[in-house]
Amino acid sequence: MKILVTGGAGFIGSNYLNLFVTRYSQHTFINLDKLTYAANLLNLERVSSLPNYLLEEGDIADYERVENIFQRYDPDLVVHFAAESHVDRSILGPAEFMRSNIMGTFCLLEACRKCWTNKENKLFQLVSTDEVYGSLGDKGFFTEKTAYDPSSPYSASKAAADHLARAYFRTYGLPAVITNCSNNYGPYQFPEKLIPLMILNALEGKALPVYGKGANVRDWLYVEDHCEALWTVAERGKQGETYNIGGNNEWKNIDIVHKICEILAVEVGKVPQDFEKLITFVQDRPGHDLRYAIDASKIKRELGWEPKETFESGLRKTILWYLGNQRWVESVKSGEYKNWMDANYGKRLTG
Ligand code: NAD
Ligand code: TYD
């Protein structure tokens, strides 16, 4: 099978490739990635020289480029990760989100529609987020039937992509499946997201910026569990369906930050207070969703998937990964990263 992976040099895509390129040497994996700030080729060092892995640098919103890839490789499965993925960036500059997330998904769907003359044994798999459902109050869960109600430019652009994929399934019979997953954490995550940002700032003795009161709740899933769920859905999922993927692991942001401080202290021989004193409550995110929580009973019941990693061991593994991968950490702290920290946190931290 030929598998076109979009955005394979980002966080989840590279974990997916690292897991499956070696496990499934009979399949060819083609990684189509624009190599934006969020990509890092160091993420793929383990697989980059393997014969069943190929990198194609390119923009999914460039239709000609996408069609050319389809003509050259005729992929059987498209696993579509590529997106602008960070809510705070979408607030500061939404345009790129509309281009990559909506137009990019549209171009991929169009290429599938035009190039897959025989749709048998073909599948377009859209990797989406639970943020399309909006915000929950203190109770309840997102199910596959929850109405879409996105709050941020990021989640609105992902919702649009989901709607397009569903429309292509209904209108053209395009074999498509959508998964909506909760917050991922693990190795190779760019440190603009909560967990790696807190780890790296703590190690540098910098402020740990908690938005609002830190009371917002997210459901965290170890990235490899997400990747295994995606593989399961590609193998056994039903076309035209949506599957929610989650960790059944809800945490308030402030509690996660304390947990990170605790684990770090043990690992580097300090006391938690050495890091906890860095916690700084800062101006909240506009339109900040209060709570996300996934009901993942459908994928468990119908496909037999459930998460394997516990949060305790997954978070420790993640922290150890950042401690042990200094070269990777240095590679992301380029000028671009510094600009981002100034743009997003400059005013928040100085008031
Ligand atoms: P990421 O930002 O780490 O990586 C995105 C990748 O896509 C990068 O390699 C980037 O270069 C590439 N990319 C961006 N725009 C592109 C374009 N126009 N053409 C080609 N490549 C492009 O993102 P991630 O956290 O790995 O998320 C991957 C996918 O999973 C996204 O679609 C995201 O919405 C979804 N998702 C993420 C999470 C999470 O917690 N990170 C949870 C649920 C769903
Ligand atoms: P994030 O990792 O950006 O993921 P998402 O917004 O997609 O859920 O943020 C996770 C939570 O952490 C979210 O409630 C916002 C909060 N947060 C902070 O409090 N401080 C930060 O510096 C960041 C990046 C996030």
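Just so we're on the same page, the working numbering is the position in the sequence shown counted from 1, plus 910. Note that the Cβ used here is the ideal one computed from N, Cα and C, for glycine as well.
Ligand 1 heavy atom lying under 6 Å from the CB of residue i
i, result
"Val1037", "yes"
"Ser1062", "no"
"Ala993", "yes"
"Leu1243", "It should be noted that the sequence gives Lys, not Leu, for residue 1243. The answer is no for Lys1243."
"Gly1270", "This structure cannot settle anything about residue 1270, because the visible part of the chain is limited to 911 through 1261."
"Lys944", "yes"
"Thr1010", "The question names Thr, yet the displayed sequence has Ser at residue 1010. Yes."
"Gly1014", "yes"
Beta bridge counterpart(s) of residue i as assigned by DSSP
i, result
"Ala1144", "DSSP output for Ala1144 lists no bridge partner at all."
"Pro878", "What the structure shows of the chain is the stretch from 911 to 1261, and residue 878 is not part of that stretch, so it cannot be assessed."
"Ala1086", "Phe1034"
"Asp943", "Glu967"
"Asp1129", "Glu1160"
"Asn1094", "Leu1131"
"Tyr1153", "Thr1089"
"Arg1201", "Leu1046 and Val1127"
"Leu914", "Ile940 and Val988"
Residue i: CB within 6 Å of a non-hydrogen atom of ligand 2
i, result
"Leu1188", "no"
"Pro1004", "no"
"Val931", "no"
"Lys1123", "no"
"Lys1257", "no"
"Leu1225", "no"
"Lys1103", "yes"
"Ser1128", "A quick correction: the sequence has Arg, not Ser, at residue 1128. Because some heavy atom of ligand 2 lies under 6 Å away, the Cβ of Arg1128 counts as near it: yes."
"Asn1093", "yes"
Integer Cβ distance of residue i from residue j, believed to fall under 8 Å
i, j, result
"Leu1131", "Gly1157", "4 Å"
"Ala1071", "Tyr1058", "That belief does not hold up - the Cβ atoms of Ala1071 and Tyr1058 are roughly 11 Å apart, past 8 Å."
"Asp943", "Ala992", "7 Å"
"Ile922", "Asn1159", "Not quite, the Cβ-Cβ distance comes to about 17 Å (not below 8 Å), so this is no contact."
"Ala1066", "Tyr1078", "Actually they do not touch by this definition, with Cβ atoms about 19 Å apart."
"Leu1002", "Asn1235", "With a Cβ gap of about 28 Å, Leu1002 and Asn1235 do not count as contacting."
"Asn953", "Ser924", "4 Å"
"Phe1185", "Leu1174", "6 Å"
"Ile970", "Ser1010", "7 Å"
Heavy atom of ligand 3 within 6 Å of residue i beta-carbon
i, result
"Ile1109", "Ligand 3 is absent from the structure shown, which contains only ligand 1 and ligand 2."
Can you give, in chain order, each stretch of the beta strand (DSSP E) that sits fully within the segment 1017-1083 and has at least 3 residues?
1033-1039
If contact is defined by three or more beta carbon pairs under 8 Å, each pair taking one atom from either stretch, is the segment 993-1007 in contact with the segment 1054-1071?
yes
Complete alpha helix (DSSP H) runs within the segment 1205-1236 (minimum length 4 residues, chain order)
1207-1213 and 1221-1234
Check whether the segment 1162-1170 touches the segment 1230-1239, taking contact to mean three or more Cβ pairs, one atom from each stretch, closer than 8 Å.
no
To test your reading of the DSSP string, which unbroken alpha helix (DSSP H) runs of 4 or more residues are found completely within the segment 955-1003?
973-983 and 997-1002
Segment contact flag, the segment 1199-1210 with the segment 1110-1120, C-beta cutoff 8 Å, min 3 pairs:
no
Any chance the segment 1116-1135 sits against the segment 1185-1204, with 3 or more Cβ pairs inside 8 Å?
yes
Stretch pair the segment 970-978 + the segment 1049-1056: three plus CB contacts closer than 8 Å
no
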